[in-house]
Amino acid sequence: MATSNRLPSRAMETILQKSHSPTLSKRIHDFNQHAGTILQLADHTVRNYVNDLVPLVEYLEESNLTDLDKVDRSFLRGYLAYLISNGFTRNSVSRKLSTLKSFFRFLNHSGEISNHQTGIIKGPKKEKKLPSVASKFEMDRLLDAPDLTTKAGIRDRALLELLYATGLRVSEIQSMDLDDVNLKTQEVRVVGKGAKPRIVLFGENSTRWVAEYLDNVRPQITCRSSATAMWLNQTGGRLSSRSVQRIVKKYALQAGLEPQFHTHSIRHSFATHLLDGGADLRVVQELLGHSSPATTQIYTHISAEQSRHVYLNAHPRAKNNIKNAAADGSRPVSST
Numbered sequence: 004m005a006t007s008n009r010l011p012s013r014a015m016e017t018i019l020q021k022s023h024s025p026t027l028s029k030r031i032h033d034f035n036q037h038a039g040t041i042l043q044l045a046d047h048t049v050r051n052y053v054n055d056l057v058p059l060v061e062y063l064e065e066s067n068l069t070d071l072d073k074v075d076r077s078f079l080r081g082y083l084a085y086l087i088s089n090g091f092t093r094n095s096v097s098r099k100l101s102t103l104k105s106f107f108r109f110l111n112h113s114g115e116i117s118n119h120q121t122g123i124i125k126g127p128k129k130e131k132k133l134p135s136v137a138s139k140f141e142m143d144r145l146l147d148a149p150d151l152t153t154k155a156g157i158r159d160r161a162l163l164e165l166l167y168a169t170g171l172r173v174s175e176i177q178s179m180d181l182d183d184v185n186l187k188t189q190e191v192r193v194v195g196k197g198a199k200p201r202i203v204l205f206g207e208n209s210t211r212w213v214a215e216y217l218d219n220v221r222p223q224i225t226c227r228s229s230a231t232a233m234w235l236n237q238t239g240g241r242l243s244s245r246s247v248q249r250i251v252k253k254y255a256l257q258a259g260l261e262p263q264f265h266t267h268s269i270r271h272s273f274a275t276h277l278l279d280g281g282a283d284l285r286v287v288q289e290l291l292g293h294s295s296p297a298t299t300q301i302y303t304h305i306s307a308e309q310s311r312h313v314y315l316n317a318h319p320r321a322k323n324n325i326k327n328a329a330a331d332g333s334r335p336v337s338s339t
């Protein structure tokens with residue numbers, strides 16, 4: 004993918020203002036050009052690279068250091084402390100250190116510096132953010148949001164039902180073709196990340212709405228160019244990933260869900276609700292198309308409903324057991 008050579012002016016202007024070293028400014032400029040022109044990185048990635056180097060320039064100025072060959076362990080440890088003390092999150096610090104390593108690697112390969120010490124420093128472990136998950140009641144509100152008196156509303160209901168029933172990624176449902184879906188066996192054939200095929204199941208509710216869409220809506224908007232596409236826009240073309248995201252966002256707002264709810268939140272909710280219902284983690288891993296169980300493991304941290312239910316019904320001093328004991332006249336077990 005080609006990218007423009009236009010400099011991210013705000014970040015570069017900041018660097019030029021803060022740095023008293025023309026050599027350093029030129030090196031960052033060259034790094035920016037290399038990332039955009041040679042590596043063909045996206046414009047937003049190049050902008051992020053340069054933005055990540057602004058704190059480095061500030062710290063170099065504070066340290067009165069202009070010769071990057073003199074960057075050593077002591078400097079790098081000080082820079083890490085500088086980032087943390089200035090309120091950057093662990094994820095942000097990790098990204099800035101990664102950019103720093105890329106910058107110094109570029110300078111080393113281009114012969115600008117001979118000393119390359121950045122590999123010796125490790126940043127903080129990234130924060131594991133818990134995904135946004137809707138409750139079962141909230142998912143019901145989302146599914147009920149489309150206007151079923153319109154063709155678009157029926158399509159959207161079918162789309163939302165299948166997203167929630169299967170936990171598919173937006174790219175997987177957007178690229179779905181007609182022959183990927185089997186209503187009789189209630190299965191979807193999916194090619195996920197890494198071109199890995201898998202079979203995902205869905206239930207009666209999804210079958211009903213997908214059949215309604217295929218029988219009564221899709222035939223009215225299909226065209227020859229999109230004859231194989233499962234999900235069509237109102238002009239007969241394949242629904243884009245961006246359109247799927249807009250559809251989900253629209254109904255999430257109508258249903259009163261939190262502002263950060265998005266397409267992937269349905270996937271998170273799918274996994275969490277399966278675990279709440281007692282599904283084995285390995286089964287959920289297979290349905291999600293995760294290559295490693297560690298990726299699926301995050302859902303165990305947010306699936307508290309089942310744990311609470313088991314605890315309240317199993318522990319001798321738990322609330323439900325005490326109530327049950329009182330109801331049948333038995334004596335509660337005393338704590339030890």
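Under the working numbering, the first residue of the sequence shown carries the number 4, and numbering increases by one thereafter. For every residue, glycine included, the Cβ atom is placed at its ideal position computed from N, Cα and C.
Best match in the options for proximity to residue i [C-alpha to C-alpha]
i: K252; options: C226, L146, Q288 and A214; result: L146
i: R172; options: E141, H265, L151 and V74; result: H265
i: A255; options: S243, L242 and I269; result: I269
i: G114; options: F34, T153, Q237 and G81; result: F34
i: K196; options: S174, L181 and L103; result: S174
i: T102; options: I250, A232 and L56; result: L56
i: V49; options: H32, L59 and L86; result: H32
i: Q263; options: D72, S135 and K73; result: S135
i: A232; options: E65, G39 and D183; result: D183
i: L242; options: L68, G281, H37 and L162; result: L162
i: P200; options: M179, E215 and Q36; result: M179
i: A168; options: F273, E61, L59 and A38; result: F273
i: R30; options: R80, G81, P222 and N111; result: N111
i: E65; options: A38, G81, V53 and I202; result: G81
i: R211; options: T225, I224 and K187; result: K187
i: D279; options: L79, A137 and E215; result: A137
i: T225; options: G281, K154 and N185; result: K154
i: L277; options: K139, V53 and D70; result: K139
i: F109; options: Y52, L79 and F91; result: Y52
CB contact check: residue i to chain B, cutoff 8 Å
i: S174; result: Among the protein chains of the structure shown there is no chain B, as only one such chain exists.
8 Å contact criterion, which residue i and residue j should meet: CB distance rounded
i: L204; j: E190; result: 6 Å
i: S177; j: V247; result: First, the amino acid is wrong: residue 177 is Gln here, not Ser. 5 Å between Cβ atoms; contact.
i: I157; j: V220; result: 5 Å
i: S117; j: D72; result: 6 Å
i: E164; j: L260; result: In fact, because the Cβ distance is near 16 Å, the residues do not count as touching under 8 Å.
i: L27; j: V60; result: 7 Å
Residue(s) in a DSSP beta bridge with residue i
i: I202; result: R192
i: L235; result: R241
i: D180; result: A232
i: N185; result: E190
Rounded C-alpha distance that separates residue i from residue j
i: D143; j: L217; result: 22 Å
i: A84; j: T275; result: 37 Å
i: S7; j: F107; result: At S7 the pLDDT is 41, less than 50, meaning the model places this residue with poor confidence; the figure from the coordinates comes in the next sentence. Those two C-alpha atoms are separated by around 23 Å.
i: R160; j: Q257; result: 14 Å
i: L151; j: Q237; result: 15 Å
i: E289; j: S105; result: 35 Å
i: A198; j: G292; result: 11 Å
i: K99; j: L63; result: 15 Å
i: S39; j: H271; result: Inspection of the sequence shows that residue 39 is occupied by Gly rather than by Ser. The straight-line gap from Cα to Cα measures roughly 34 Å.
i: H267; j: I250; result: 13 Å
i: S12; j: L44; result: Caution is warranted here: a pLDDT of 49 is assigned to S12, below 50, making its placement in the model unreliable, and no coordinate value can be reported.
i: R347; j: S244; result: Residue coverage of the chain in this structure runs from 4 to 339, which leaves residue 347 outside it and unanswerable.
i: A148; j: N208; result: 15 Å
i: L235; j: N89; result: 49 Å
i: L284; j: G170; result: 14 Å
i: N67; j: L42; result: 32 Å
i: I202; j: L166; result: 14 Å
i: Q36; j: V194; result: 36 Å
i: T69; j: P25; result: 10 Å
i: S77; j: S97; result: 18 Å
i: G281; j: S95; result: 36 Å
i: G239; j: T92; result: 45 Å
i: A5; j: D46; result: For A5, the pLDDT reaches just 39, beneath the cut-off of 50, and the residue's location in the model is therefore unreliable, although a value from the coordinates is still provided. If you take the alpha carbons of A5 and D46, they lie about 9 Å apart.
i: N185; j: E215; result: 14 Å
Range of the contiguous alpha helix (DSSP H) that encloses residue i
i: Q36; result: P25 to Q36
i: V49; result: D46 to E65
i: A148; result: Taken as a continuous stretch (DSSP letters only), A148 belongs to no alpha helix (DSSP H), as it is neither H nor E.
i: H265; result: Looking at the DSSP string, H265 is not in any alpha helix (DSSP H), and its letter there is neither H nor E.
i: I41; result: Where I41 is concerned, there is no enclosing alpha helix (DSSP H), given that its DSSP letter is neither H nor E.
i: G81; result: R76 to S88
i: E207; result: E207 to N219
i: T102; result: R93 to H112
i: E115; result: Run containing E115: none; DSSP gives neither H nor E here.
i: V286; result: L284 to L291
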